[in-house]
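Read the structure below first, then the notes.
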Amino acid sequence: MAAEPTPDAGEAAEERVSWSMVIRSLLRDGPTLFSLIVLFLLLFAALIGAEIWPHDAYEQNLRMRNRPPMTPAYDGSGLGHILGTDPLGRDIVARLMRGARVSLLVGISGVTLSGLFGSTLGVLAGFFRGRLDDVIMRLVDLQASFPGLLLALALLFVLGPGFFNLILVLALTRWMIYARVARSMTLSYRESGFIDAAVVVGNTGGRVIRKHIVPNLKTSLLVLATLEIAAMILAESGLSFLGFGVQPPTPSWGLMVAQGRDYLGSAWWLTTLPGIAILFTALSLNLFANGIGALTDPVRRSVWLTRSSSSRRDS
Amino acid sequence: MARYWIRRLIQSVGIAWLVLTLVFLTTRVIGDPVRLVLGIEASQERVDLTRDTLGLNRSLAAQYGDFLNGVVQVDFGNSFWQKVPSMPIVLDRIPATLYLTAVALLIAIPLALTLASIGTLRPRSFADRAINVFSLGGVSIVDFWLGLMMIMLLATRLDWIKTSGYGGFSYVLLPAVTLAFKPLGRVSQMARTSLAEEMSKPYIRSLRAKGLSQRRIVFLHAMKNASLPIITIIGDELISLLNGAIVVETVFGWPGIGQLTIQALDRRDLPVIEALVFVVTVSVIGVNLIVDASYTYLNPRVKFGDESSGRGTNS
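These protein sequence lines map, in sequence, to chains C and G.
In this text, residue positions in the first sequence follow this note's numbering: the first is 1, and each later residue adds one.
In this text, residue positions in the second sequence follow this note's numbering: the first is 316, and each later residue adds one.
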């Protein structure tokens, strides 16, 4: 993950790889294919599914409380409650799809915030070294060694719950890893000749960073960000489960698990289904990042591409 | 050597001071402690009264002096809820959390190392891939959900397993297994990666040429050399176990630090929260010192002369 960049190896192994080859080898790898399918379904559910699903995520019906999966709709017409209803008679599928939207929104905006913040600090620390580097990296070490959930809880306690605060707090508790990766990569690029050359030619520091360092960091940081979306979604669900994250009636997977807790013995679907949704989402993001990571790492990429071409020969 | 540890100790005290000052500032400046304690709906009379009794009418500097005085005497005032000193409340909860995390680690670490070695013995075999997906699953799983699933599936069938409360094997089993999953996933992945790295080194080839069996090479030689990064990740896990403990203890009603955190936050019990943060900070610093000490023990080549060789910057 935090692999040391090897620009030399990268340049040496830099045979042009066509997009179709990349996509083909991603699709050939079982786990990556699985993750792509799950992520596609998830995006579909969050963006389109929640809009076209006949049941509303907020519509209560107290005569339809805790109905098991495959219960027909109350008025008997149209689509039934395929995955059942919750203690307020709301449709589980609709709430899961709205929950997907919440998870993705928190995950992506949280990662964007923490990623921009962390990598900016990391690049600055690695490029300018000295005092700035010391201060930033001390802060990183300090915060990284403190339990993140406790910090998030304490911050939410002070700031108060709320959707924006939740994203802000999650970003504030997870920026350190970007700073570490961005700093170590910037440091190693700084030692290599092309940065010296850019400086000698008369580029200002800011321009060197923008034109020569940032483009080289992009892929690794994107892989890292994919992993972090999973971590962010897990953190959100934990906070919501504990009652400090997303507040009802907004559907969040973690909150749905918490609401099902009182009905463990009588309504298994309330807790089981949102948990499976979280598990599949996080697992897919991890598997996907694994696959992408293998492709962007020059050493592992050659293994991947040869493996896929050799298996083509086998079949 | 002695000078290094003295400097580390002074540094640790500095970090503890910094964390506590941040706690002081966030509760006093960003949030209004009276509102934090009483909630938003409290009447103005109660707000004024509480402000008086908490001594919040005085200058920030005077309050800060009081706060530091309390820190030095390890006294953060009486709990608002239980009306007794907050520090003993926190200290009373420590044994339960230590007990739970110790059992969890006893499950997680031997199992993680076994899985990683099986994968290393037969790289890229079906078992290796299955273990990889399993450990990714361990990282992706939601601990509170896993706990609830086990309560639902196991405890309702096997009535000797207790789902709530504090006690011997039948009580600790479910929470410990739940808590073990994340470290199991992360440690086994980390161990697998560092073992693979060791196995690609030249000395392994000469061992193989000498005629040693793969088993002997992995267990006697590679494992020993891979132990350093593994120790680092175990140290990190010790700290993030506290994150897990907050959730798992809440799910299983385990009377430890984690449960107390949520109880104190729910009751807006500021002195207990401050005492908690103090205890956690001290233990985090302690764990970091122990991990560093075990570094020198395991690898005499690590010299703690300059900053860069310390664990802080390369973990």
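Glycine is no exception: its CB is placed at the ideal position from the N, C-alpha and C atoms.
Counting along the chain, LEU473(G) sits inside no alpha helix (DSSP H), nor does DSSP assign it H or E at all.
At least 7 Å separates the beta-carbon of LEU139(C) from that of LEU273(C). THR471(G) is classed as exposed because its beta carbon has fewer than 16 other beta carbons within 10 Å across all chains shown. Counting of Cβ neighbours within 10 angstroms places PHE194(C) among the exposed residues, the total staying below 16.
Within the region 5–78 of chain C, there are no complete beta strand (DSSP E) runs of at least 3 residues.
If the five residues before and after VAL399(G) are omitted, its C-beta is found closer than 7 Å to the C-beta atoms of ASN393, all from its own chain and listed in chain order.
The region 541–561 of chain G makes no contact with the region 381–392 of chain G; the number of CB pairs closer than 8 Å stays below 3.
Under DSSP, the beta-bridge partners assigned to ASP91(C) are THR85(C). When C-alpha distances from LEU337(G) are compared across LEU151(C), LEU105(C), ALA125(C), the shortest belongs to LEU151(C). Contact check for LEU239(C) and LEU580(G): beta-carbon distance about 11 Å, past the 8 Å limit, so the pair fails to qualify.
In this structure LEU287(C) touches PHE34(C) by the C-beta definition: roughly 7 Å separates them, less than 8 Å. By the criterion of a C-beta distance shorter than 6 Å, GLY107(C) is surrounded in its chain by ILE229, MET232, ILE233, once the five residues flanking it on both sides are discounted. The beta carbon of MET64(C) is closer than 6 Å to those of TYR74, THR85, GLY89 in its chain, skipping five residues each way along the sequence. In this structure, the beta-carbon distance from THR341(G) to VAL158(C) falls below 7 Å. Taking every protein chain shown into account, the CB of ILE92(C) has 16 or more other CB atoms within 10 angstroms, so this residue is buried.
Classified as exposed, SER192(C) has fewer than 16 neighbouring CB atoms from the shown chains inside 10 Å of its CB. Per DSSP, the unbroken alpha helix (DSSP H) holding VAL454(G) starts and ends at 441–455. Taking 9 Å as the upper bound on Cβ-Cβ separation, chain C lies near residues ARG444, ASN447, VAL448, LEU451, GLY452, VAL454, SER455, ILE456 of the region 423–456 of chain G. DSSP lists ASN393(G) as the bridge partner or partners of PRO400(G). In the DSSP assignment, ASN558(G) falls within the unbroken alpha helix (DSSP H) covering 538–567.
DSSP, read as helix, strand or coil, puts GLU191(C) in helix.
The CB of LEU351(G) comes closer than 8 Å to the CB of PHE157, VAL158 in chain C, given here in chain order. DSSP places SER240(C) inside the alpha helix (DSSP H), whose first and last residues are 214–242. Counting along the chain, ILE532(G) sits inside no alpha helix (DSSP H), nor does DSSP assign it H or E at all. Nothing from the region 171–187 of chain C brings a Cβ to less than 8 Å from some Cβ of chain G.
For THR281(C), the enclosing alpha helix (DSSP H) covers residues 268–296. Exposure of TYR518(G) is indicated by the presence of fewer than 16 other C-beta atoms within 10 angstroms of its C-beta.
In this structure, THR173(C) places its C-beta atom within 7 Å of the C-beta atom of GLY148(C). Contact with chain C is found for ASN603(G), since one of that chain's Cβ atoms lies less than 7 Å from the residue's Cβ. If you compare the alpha carbons of GLY462(G), LEU489(G), VAL594(G), ALA411(G) with that of MET402(G), the shortest gap goes to VAL594(G). The three-state secondary structure of PRO348(G), taken from DSSP, is helix. Chain C has a Cβ within less than 7 Å of the Cβ of THR341(G).
In the DSSP annotation of this structure, the continuous segment of the alpha helix (DSSP H) that includes TRP332(G) starts and ends at 317–340. Listed by position along chain G, the residues whose Cβ is nearer than 7 Å to that of GLY202(C) form an empty set, because the closest Cβ is around 32 Å away.
Within the same chain, VAL169 come within 6 Å of LEU155(C) by CB-CB distance, once the 5 residues on both sides are set aside. The region 482–492 of chain G makes contact with the region 405–415 of chain G; the number of CB pairs closer than 8 Å reaches 3 or more.
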